[in-house]
Amino acid sequence: MKLYEHEAKKVFDTMKIPIPKQYGVIHSIEELDAMKLQYPVMLKSMVLVGGRGKAGGIKKANNMEETKKIASELFKLKIKGLAVECILLEEVVDEMGACYFGVTMDPATYHNVVIVSASGGVDIEQVAREKPKTIIKREIPDNSRELPEKIAEDIVCSLLKDLPQMNYLKDILVDTIVKLYATYQRFDAKLCEINPLIITSKGVVAADAKMVLDDNALFRQVELLEMLGIKEKRHDVAERTKNELRAQTAGFPYIDLLPENHAKDPHKLYVGLIPGGAGYGIFSIDEVATIGKRFFNDRVVPVNFMDSGGGPTQNKVAEMFHLLMDNSDVDLIVTSRFGGISSCDIFIRGMVQAVKERYENGKKMIPVFGRMVGTDLPSARTFLEKAKAENPDVMKNVTIFVGNQRIMADVIREGIKKAFESKGWKI
Amino acid sequence: MRLIAPDEGMLYHIIEKRRPDLAKKIRNTRTIETVVVGLGGQGTRHAELMQQYGTAITAGIAPGRGGTRLLETIPIYNTISECLTEHPNIAVASIWRHYSTAKDATIEVIEAGIPVVVLISEGIPVRDVRDILVAARKHNTLLVGGNTPGVIFPPEGIKVGMLPDVFYPQEVSTEEFGPKGVTIISRSGAILYHLSDALASVGIAQNAVIGIGGDGAIGSTFRDLVPLAMEYKNTDLVVIAGEIGGCQEELLAEDIQKHPEKYPKPMVALISGAHAPEGKTMGHAGAIVSPGQTYGTFQSKKHALEQAGVPVANSQYDLIEEVKTKLNDKNYFDVEHYYKKMKTIWDAPAKKPGWSTLITNVMPNNLLISGYPLQDIVERKGFLEVAYLLIKGEFPDKKTLEEMRKIAVTAAKLPVPKITRLHNEDVSKTLVKYLVLDESLAAFPQEGIDGAVKKTIFCLGRAARYLSGIYGTEKALEKLNENEPFSYIIYRAITGNSKVNEKHSRLIEAMIVACVDHGVTPPSAQATLIAATTRAPYEVAVAHGVGAITDVHGGAGAKAAQFFNECIKKAKKEKIDVSLATRNLMREYIEEGKRVEGMGHRVHTKDPRRDVLWNLATQTGIASEHVQLSKIISTIFEQVRGMSLPINVDGVIGSIVADMGLDPTIAKVLFIYGRLAGLSAHYFEEVASQPRMRQINFAEAIYKGEEMRKIP
């Protein structure tokens, strides 16, 4: 979970990492009137993406009038598709130099890694590509909770080779990197970053602050979340779509693959997926797209990612089907049950429940094509056969293969073929 | 379906690499022992499934549950170090703990020196994962996971984790090393099943299937496992299933190029996520593409692997094609045969849920206690010996028996309060009142199985004392000889005679032993078991069972004794033949709507306890007119009612009690007293081997104790 800059700065402040004076965060221009500002003042758009400066999301103002003007412009701004909902106001820091401090985990070795660079204030990944030598990296393989002073000194000494004029700041820099590492460990962060760490006449100031928390550890960071006033886990960077919000409320992972308000191509078949666990959730998208390309002239569009595994309740399964059948794009639902934890029985009951409810309420019905094998298969099979015998009209367009005589790719291909035929499309 | 011995399989190969000494031991035992750490719902359920698949589960670890058992027979320890002291050959651990405690549990297992650790727990904080990785590196542990569905080795029939049993080995092999196959290594569980499925559909067998876990930081990566799999002689090809996010696939590609000698066998990769949008997490913490990254995308992985000479598929069809090509269309098994076999799995009726008991095997006309036929026990063993057997599964040796006798005698000597019994109060109710109030019994320690057996023996001693109080026979117990057999004490408590009649004493004990247990379904056992699920104290749970013994359940012996008495009296009074008197009395009973007790049984048509008691009654010279009558009562009943009901053990006991001239209610007391031992055994078994507050379906219980055996 990413923290906003002002939140990360609050954390840094409690860890005694120097930050610029904070005037506050506003959600509307009206809030400015009550603020006591000293000019010049920095206005920073609070969005959870990088590159805010380049996008014009960070501005300096010299008086109230200017502040209001800039703020109202920022509130209209969209940065990488994200609306600016709040603005941080803080003091302007005089800069004598800038560097980069960061702590994260190396994705290859899974060691903590302290990264510093004399090139502060620019995109560190770009620096890494263009001037890799200016980046100093130090891995901490033992996952110690504190950064040993000796290592911190080594790192700072290497840094000061590039910044000899800053030698007098050595102790402060050592102290800052030790504190940043401690912050990373104490709060279960995946990333703690200061970019830039500004060198002033008096010392250093974290002009920007970035923290990404480990979602898995949020359960034990209650005090931190309380301090920041965060009540629920934040999700992805991008704004969630209506469907994604609905799935979140129902309690299962779901992602729209198509932008909201896209125009449906009348010559293509849109396939919704209720595929099982997260891994097959990703793979089944590829399967549908590949089969569409190979056998159906690229006229098949997968609609969504869904993780329907891990033992959902019957109502949750029903909601998965409702969600896709309420989606006006979807022409066909492909589904698969395979594995150890989820019960075929609960799944099939949930599916039948949804289809029945829709039939009885005259809602849109979409053909379902799929396969099930695994836990509770015998009772699931019996239930399905009974449902088909008792409600042939309701179950008319539900085809579920029992057992693995057909691999899922064949099931998907056949489902799409049937859907093409019923639309009278040539294959 | 085990096709090769465990010490020929890939898991053994892995253990040998890490701990050559342990591997030597495995070669001797030819068993790879595993331990299940964390016995919540999932751990317990999958322990059973793993065992059914063929995995040797030696022990379970659950803090606070040490001394109890998993799946009725597998010992549970509080800590892994305690466990390894008893079972030093354990080579593999699976960890099912909650994410908040998984770290400590895993590190404990690693530090104990277990070479292969499969970390099933998901959602572990990454800082904790790093601590686990530090420990694993230090101790040279092969860690798989976290967040893995586990590993499965089809040819040797070993599964560690929660994978379904769908992976298919080569069944018949003409090759030197036995069944060969493809090893699948995947970040996702669900993808594993679909890849296995795809390969099996063209007759390609799997010799190992490994889920490495979907998290951002995991124990073993592709780079660690692919070379291990390739080293193993029976692996023909390795399939890796990667997905977007992280840089494992790229690192593997780099390693292949740097160290081609580590990758001597063909390999095919499947990468998922070609159509995933940027910046959105899709389920797996590891599967996110961050904008601007130079690794982690579908393209970066595909490119890196292809540069290293590994073909990359993105669909089941492509995977099948690539693997077939690499294997030159090699066929491992007949696909039709495979589907037929799978169909038997899919078509199988739902498995009945069950739980098990090791105490008594109740079969029609046969009752086995810990494998010993009850009639043999009645003939040859005393009450304390069988009480001991019920709990420990074996008879005590002489020294132990003497120790037990002392405990029972001590208990019988301790004073009891003055017994008050309301007029017509059921004797079981009277006993319940005093059992629950007994402080010496409550205070008696019950640690471990030895504690359980001692407490039971103590309880039997106390109960003898209460019975004497109930029947006003305390005087007969006053001059207790410390060294006399416990059966004498029982005799005196029940009959009130100070002087022991050896033969009567013997017969009384035999009748008590005949009543000790009848499995988990009698209402008294059910009542005790239900109380035990709430972990009620021993004396309370046993009192529940005793309280359930009424005229309806367990009271038939007393009723039968009374009936036999009446028949003989009637014959004498009316000076008619006993069978005629019995016929007439039976008709009267039936007309009045009364039941004639002592006949018929829900399980037995020929009660196994019948003949042994009759014989003993004859041998001791006690058998007389009542016993004679009991032998023809079934015939008389058939003449009167036109249906055949066999005499049961209650009828036999009733007739002997009548021949001994005892109060008919004594027949019921013998039943209660004997059953105290059985109820105790069920109480301790439940507490030691089942989860608390479970819902018991009594009809589902399966006997899993000793097979039938002879008393040595």
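Read top to bottom, the protein sequences are chains A and B. Residue numbers for the first sequence, in this note's numbering: 179 to 605. Residue numbers for the second sequence, in this note's numbering: 15 to 726. Glycine included, each C-beta is placed from N, C-alpha and C at the ideal position.
| Query | Result |
| --- | --- |
| With 8 Å as the threshold, decide whether the Cβ of residue 303 of chain B is near any Cβ in chain A. | Because residue 303 of chain B sits at a pLDDT of 40, beneath the cut-off of 50, its placement in the model cannot be relied upon, and the following sentence gives the value as read from the coordinates. No, no contact with chain A. |
| Is there a Cβ of chain A sitting closer than 8 Å to that of residue 110 of chain B, yes or no? | no |
| Only counting the same chain, and skipping five residues up and downstream in sequence, which positions put a Cβ closer than 6 Å to that of residue 176 of chain B? | 60, 163, 164 |
| Helix, strand or coil, according to DSSP, for residue 306 of chain B in the structure here? | Bear in mind that the predicted position of residue 306 of chain B carries a pLDDT of just 45, short of 50, making it unreliable; the figure below should be weighed with that in mind. Residue 306 of chain B falls in the coil class under three-state DSSP. |
| With 16 other CB atoms within 10 Å as the buried threshold, where does residue 144 of chain A fall? | An answer regarding residue 144 of chain A cannot be provided, because it is not within the stretch 179 to 605 covered by chain A. |
| What did DSSP end up calling residue 367 of chain A once you bin it into helix, strand or coil? | strand |
| Could you check if residue 297 of chain B is buried or exposed, using at least 16 other CB atoms within 10 Å of its CB as the buried criterion? | Legend: pLDDT at residue 297 of chain B = 47, less than 50; position of this residue unreliable, value from coordinates given subsequently. Buried, because 16 or more other Cβ atoms sit within 10 Å of the Cβ of residue 297 of chain B. |
| For the stretch 518-531 of chain B against the stretch 501-509 of chain B, do three or more pairs of beta-carbon atoms, one drawn from each stretch, fall closer than 8 Å, so that the two count as touching? | yes |
| So, for residue 592 of chain A: in the same chain, excluding its five sequence neighbours on each side, which residues have a beta-carbon less than 8 Å away from its beta-carbon? | 547, 584 |
| Do residue 285 of chain B and residue 277 of chain B have their C-beta atoms closer together than 8 Å? | no |
| Among A/589, A/220, A/453, whose alpha-carbon lies nearest the alpha-carbon of residue 270 of chain A? | A/220 |
| Can you list, in chain order, the residues of its chain with a C-beta nearer than 6 Å to that of residue 190 of chain A? Leave out the 5 residues immediately preceding and following it. | 197, 384, 387 |
| Taking only beta carbons into account, state which residues of the stretch 327-341 of chain B come closer than 7 Å to chain A, listed in chain order. | 328, 329, 330, 331 |
| Can you find at least 3 beta carbon pairs, one from the stretch 684-702 of chain B and one from the stretch 537-547 of chain B, that sit closer than 8 Å? | yes |
| Counting only C-beta atoms, is residue 215 of chain B closer than 8 Å to chain A at any point? | yes |
| Can you grab the Cα-Cα spacing for the pair residue 319 of chain A / residue 142 of chain B, in whole Å? | 13 Å |
| Any beta carbon of chain B sitting closer than 8 Å to that of residue 555 of chain A? | yes |
| Where residue 614 of chain A and residue 420 of chain A are concerned, what is the direct C-alpha to C-alpha distance, given to the nearest angstrom? | One cannot answer for residue 614 of chain A here, as it falls past the ends of chain A, which runs 179 to 605. |
| Going residue by residue through the stretch 506-574 of chain A, where are the continuous beta strand (DSSP E) segments of at least 3 residues, counting only ones entirely within it? | 510-517, 546-552 |
| If you count every other CB in all the chains shown that lies within 10 Å of the CB of residue 215 of chain B, and 16 or more means buried, which is it? | buried |
| My guess is that residue 590 of chain A and residue 460 of chain A are in contact by the Cβ rule of under 8 Å, so how many angstroms apart are they, rounded? | Their Cβ separation, rounded to whole angstroms, is 15 Å, which puts residue 590 of chain A and residue 460 of chain A out of contact at 8 Å. |
| Take residue 723 of chain B and list the residues in its own chain whose beta-carbon comes closer than 6 Å to its own, dropping the five residues that flank it on each side. | 385 |
| Give the interface partners of residue 192 of chain A over in chain B, defined as CB-CB distance under 9 Å, in chain order. | Neighbours of residue 192 of chain A on chain B: none; closest Cβ ~19 Å, over 9 Å. |
| Opposite residue 220 of chain A in the DSSP bridges: which residues? | A/238, A/268 |
| Give the DSSP-derived three-state secondary structure of residue 698 of chain B in the structure shown. | helix |
| In the structure shown, what three-state DSSP assignment does residue 181 of chain B receive? | coil |
| If residue 372 of chain B sits next to residue 586 of chain B, beta carbons under 8 Å apart, how far is it from one beta carbon to the other, in whole angstroms? | Not quite, the Cβ-Cβ distance comes to about 50 Å (not below 8 Å), so this is no contact. |
| Tell me which residues share the same chain as residue 528 of chain A and place their Cβ nearer than 6 Å to its Cβ, disregarding the 5 neighbours each side in the sequence. | 492, 495, 496 |
| Please report whether the beta-carbon of residue 368 of chain A lies at a distance below 8 Å from any beta-carbon of chain B. | yes |
| Pull up the DSSP beta-bridge partners for residue 183 of chain A, would you. | DSSP output for residue 183 of chain A lists no bridge partner at all. |
| Rounded C-beta distance between residue 223 of chain B and residue 181 of chain B? I'm assuming under 8 Å. | 5 Å |
| Kindly indicate if chain A contains any beta-carbon less than 8 Å away from that of residue 362 of chain B. | yes |
| Determine whether the Cβ of residue 551 of chain A lies closer than 8 Å to any Cβ atom of chain B. | yes |
| Taking 8 Å as the CB-CB cut-off, is residue 492 of chain A touching chain B? | no |
| Answer yes or no: does any C-beta atom of chain A fall closer than 8 Å to that of residue 355 of chain B? | no |
| In chain order, which continuous runs of the alpha helix (DSSP H) of length 4 or greater are located wholly inside the stretch 420-486 of chain A? | 420-428, 456-473 |
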